[in-house]
Amino acid sequence: MRLTRTADLWWKNAVVYCLDVETYQDGNGDGIGDFAGLIQRIDHLERLGVTCLWLMPFYPTRERDDGYDITDYYAVDPRLGTLGDFTEFVRTARDRGIRVIADLVVNHTSDHHPWFLDARSSRTSAHRDWYVWCDEPPADGPKGVVFPDAEQSLWEYDEGTGQYYLHRFYRQQPDLDIANPAVRDEIARIIGFWTQLGLSGFRVDAVPFLLETTGQQDAGQLPDPHEYLADLRSFLGRRSGDAILLGEVNLPYPDTMKFFGDPSSPRGDELTMCFDFIGMQRMYLSMARGEAAPLAAALRERPAAPGDGHWATFVRNHDELTLDKLDDDERAEVFAAFGPDKDMQLYGRGLRRRLPPMVDGDRRRVELAYSLLFTLPGTPVLFYGEEIGMGENLAAKDRQAVRTPMQWTADRGGGFTTAASDELPNPIVKGAFGPKRVNVHDQALDPASLLGRMRSLIERYRQAPELAWGDYRVLDADDPGVLAHMSSLPEGAVLVLHNFADRTVTATAVVPGLKGGRLLIDLFTGEAVKAEPGGGVSIELPPYGYRWLRLNTPLDDPDRETEA
1 MRLTRTADLW WKNAVVYCLD VETYQDGNGD GIGDFAGLIQ RIDHLERLGV
51 TCLWLMPFYP TRERDDGYDI TDYYAVDPRL GTLGDFTEFV RTARDRGIRV
101 IADLVVNHTS DHHPWFLDAR SSRTSAHRDW YVWCDEPPAD GPKGVVFPDA
151 EQSLWEYDEG TGQYYLHRFY RQQPDLDIAN PAVRDEIARI IGFWTQLGLS
201 GFRVDAVPFL LETTGQQDAG QLPDPHEYLA DLRSFLGRRS GDAILLGEVN
251 LPYPDTMKFF GDPSSPRGDE LTMCFDFIGM QRMYLSMARG EAAPLAAALR
301 ERPAAPGDGH WATFVRNHDE LTLDKLDDDE RAEVFAAFGP DKDMQLYGRG
351 LRRRLPPMVD GDRRRVELAY SLLFTLPGTP VLFYGEEIGM GENLAAKDRQ
401 AVRTPMQWTA DRGGGFTTAA SDELPNPIVK GAFGPKRVNV HDQALDPASL
451 LGRMRSLIER YRQAPELAWG DYRVLDADDP GVLAHMSSLP EGAVLVLHNF
501 ADRTVTATAV VPGLKGGRLL IDLFTGEAVK AEPGGGVSIE LPPYGYRWLR
551 LNTPLDDPDR ETEA
């Protein structure tokens, strides 16, 4: 299990928790979350079992895209605090054993960033070639537009200089030209600055768009963008040897693998981790059908990350729950099951919902999804509020529906703030999933709550190194509703079964190398299950039920006694 290296490879068994400072905890009563408030909530995160915090953008912004339209990469938005507050937060988190990573959003800037203001001031300005310009844009129409409901072209005309600038996202977010060596050097300085202040790495926003050069007039002469990503990883390694790059790469598996870099490198030489978008989307298809096959197929297709790289698993990403890698019929199935109303859908490709309302609050199905999160191969990533089963507010615009204030208590402001509701960055969730019924305070007092179960899932995950470090395989099960999978190390193995069906099943999974009569121990109850002749393990699972079973001796050593 390479125990001597686990500290160096901390991301392999981390529990990552994504939050937006603006909506997590208001520390001064102005209605906006801030670093002072976040520091007050570190104990909650420590008790939950979080080992790495991922901060969504906290930089100065025009707030035209929830902080992703950045106006200064070297500062904290004044609404959220100061650099001093940031460094105090990082120190406090480190004292609790929690690392911090942050969004690196350098594929574009705000159109109010000083670089772009200078760039559009004159065709000969110092920063002109930091962005991508042309006299006449290609006749591409909406092709490649990320937000087709808001934009119809990748190009926006600038009246002052009489040229068009490239923007793959919103028009107020002009794309940087990463082929420009000066831009590359500046991005390295940004990384170096925040690493020096204590960050353990970055979640890299929209990586394929960062490296995309299609549409640029000199694309054929530009350097290999993957060489640039490797240079960025090398620079980060020199500044902080155990820092990571976690990449948002929503592509098919063969294309995503390219972003890990050279498979012969001990750690890969580009991204440290990539999100498993394919597995996440297939999970929802399995949940919609009540059958394990879609997810099982994805897990069998997924290549192993090279070297010490790793996949990141998640139940939902922090914006829309994208389903773009399902075909049209499959996406329609998931829409029908979990978001049938047009108002629940976004861009025709995803859902702006959280899981609990999608399954009508069915605790069994919620637990099933999070049991999968902590047992499928990869590093689990939680989105804030998932630990208590928060819902969405569809009255909020677009992706803001799932970026509502954190619900700490049953109070009017949900314990997030003492300010009036009209002063909040996003409206608080109402109804069955509002703070009166869903909050941290009440669930912390109830061991049987979802929060209690999430703590237990994380604790068992941390106690089962096979899940993070072991060799993984999907096993055949004799019921279409059941996913059986195993992670194994020389010291032992963990067998996990999940029932996607709304019926009780008795499933038998055959474990290669397992001898009849050996015992597997339930990690939650301590119950022993005896293997059948031929290595079969028969388990009864209730509707949407799951079991984690530990085998404490090697699969290929039938003479050793199993510890009960």
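As numbered in the UniProt record's numbering, the sequence shown has no gaps in its residue numbers, which increase by one up to the final residue, 564. The beta-carbon is built from N, C-alpha and C at its ideal position, and this holds for glycine as well.
Cβ shell of residue i (< 6 Å), same chain only, five flanking positions each side left out
i: Ser-371; result: Tyr-546
i: Val-496; result: Thr-375, His-485, Trp-548
i: Thr-504; result: Pro-542
i: Leu-19; result: Tyr-384
i: Asp-324; result: Arg-349
i: Ala-288; result: Glu-333, Val-334, Ala-337
i: Ala-468; result: Lys-12, Asn-13
i: Val-106; result: Ile-187
Residue i versus residue j: straight-line alpha-carbon distance, rounded
i: Thr-61; j: Gly-492; result: 50 Å
i: Leu-154; j: Asn-317; result: 24 Å
i: Ala-179; j: Leu-232; result: 13 Å
i: Gly-361; j: Arg-403; result: 19 Å
i: Tyr-59; j: Asp-177; result: 21 Å
i: Ser-200; j: Val-76; result: 18 Å
i: Gly-415; j: Asp-65; result: 26 Å
i: Thr-379; j: Asp-158; result: 44 Å
i: Asp-476; j: Ala-509; result: 6 Å
i: Met-273; j: Thr-161; result: 41 Å
i: Asn-426; j: Phe-500; result: 34 Å
i: Asp-422; j: Ile-428; result: 10 Å
i: Ile-539; j: Gly-31; result: 50 Å
i: Ala-432; j: Asn-393; result: 11 Å
i: Leu-245; j: Glu-320; result: 22 Å
i: Thr-525; j: Arg-550; result: 11 Å
i: residue 565; j: Arg-94; result: Outside the shown range of the chain, which is 1 to 564, sits residue 565, and nothing can be said about it.
i: Asp-471; j: Asp-478; result: 22 Å
i: Gln-25; j: Ile-42; result: 11 Å
i: Ala-298; j: Ser-488; result: 20 Å
i: Glu-46; j: Leu-9; result: 20 Å
i: Leu-352; j: Gln-400; result: In the sequence under discussion, the amino acid at residue 352 is Arg, which differs from the Leu named in the question. Approximately 8 Å, taken between the alpha carbons.
i: Ser-286; j: Ala-410; result: 34 Å
i: Pro-447; j: Gly-49; result: 15 Å
i: Tyr-165; j: Leu-117; result: 13 Å
i: Gly-517; j: Lys-530; result: 5 Å
Own chain residues within Cβ distance below 7 Å of residue i, not counting five before or after
i: residue 568; result: Because the chain is modelled from 1 through 564, residue 568 falls outside the range shown and cannot be assessed.
i: Glu-184; result: A small fix is needed here, since residue 184 is Arg in this sequence, not Glu. Only Ile-178, Tyr-228 meet the Cβ criterion.
i: Ala-119; result: Ser-125, His-127, Arg-128, Trp-130, Tyr-131
i: Phe-193; result: Tyr-74
i: Leu-451; result: Glu-387, Ile-388, Val-440, Gln-443, Ala-444
i: Glu-156; result: Tyr-164, Tyr-165, His-167, Arg-171
Integer Cβ distance of residue i from residue j, believed to fall under 8 Å
i: residue 596; j: Met-390; result: Residue numbering for the chain in the displayed model covers 1 to 564; residue 596 lies beyond these limits and cannot be assessed.
i: Val-90; j: Gly-198; result: 4 Å
i: Cys-134; j: Gln-163; result: 6 Å
i: Pro-174; j: Asp-111; result: 6 Å
i: Val-315; j: Leu-373; result: 5 Å
Status (buried if at least 16 other CB within 10 Å, exposed otherwise) for residue i
i: Arg-238; result: exposed
i: Ala-336; result: exposed
i: Glu-301; result: exposed
i: Thr-51; result: buried
i: Tyr-68; result: buried
i: Ser-234; result: exposed
i: Lys-12; result: buried
i: Leu-83; result: exposed
i: Thr-313; result: buried
i: Asn-28; result: exposed
i: Gln-463; result: exposed
i: Pro-294; result: buried
i: Glu-248; result: buried
i: Asp-224; result: exposed
i: Gly-241; result: exposed
Limits of the unbroken beta strand (DSSP E) element including residue i
i: Val-90; result: Run containing Val-90: none in the beta strand (DSSP E); it sits in the alpha helix (DSSP H), 83 to 95.
i: Phe-314; result: 310 to 314
i: Ile-50; result: The question names Ile, but residue 50 is Val in the sequence shown. That residue, Val-50, is in no beta strand (DSSP E); it is neither H nor E in DSSP.
i: Leu-520; result: 519 to 522
i: Met-273; result: 273 to 275
i: residue 604; result: Residue 604 lies beyond the residue range present for the chain, which begins at 1 and ends at 564; the question has no answer from this structure.
i: Gly-536; result: 536 to 541
i: Tyr-157; result: 155 to 158
Proximity test, residue i beta-carbon vs the ligand GTP heavy atom, cut-off 6 Å
i: Tyr-59; result: Questions concerning the ligand GTP fall outside what the structure shown contains, since it holds no ligand whatsoever.
Bounding residues of the alpha helix (DSSP H) (the contiguous stretch that carries residue i)
i: Pro-490; result: Where Pro-490 is concerned, there is no enclosing alpha helix (DSSP H), given that its DSSP letter is neither H nor E.
i: Trp-115; result: 114 to 119
i: Ile-244; result: Where Ile-244 is concerned, there is no enclosing alpha helix (DSSP H), although the beta strand (DSSP E) it sits in stretches over 244 to 247.
Close-in-space but distant-in-sequence residues of the same chain around residue i (CB under 8 Å, 5 per side omitted)
i: Asp-80; result: One point to set straight first is that residue 80 is Leu, not Asp, in the sequence displayed. Cβ neighbours of Leu-80 beyond the five flanking positions: Val-21, Glu-22, Ile-32, Gly-33, Asp-34, Phe-35, Phe-58.
i: His-113; result: Ile-70, Thr-71, Asp-72
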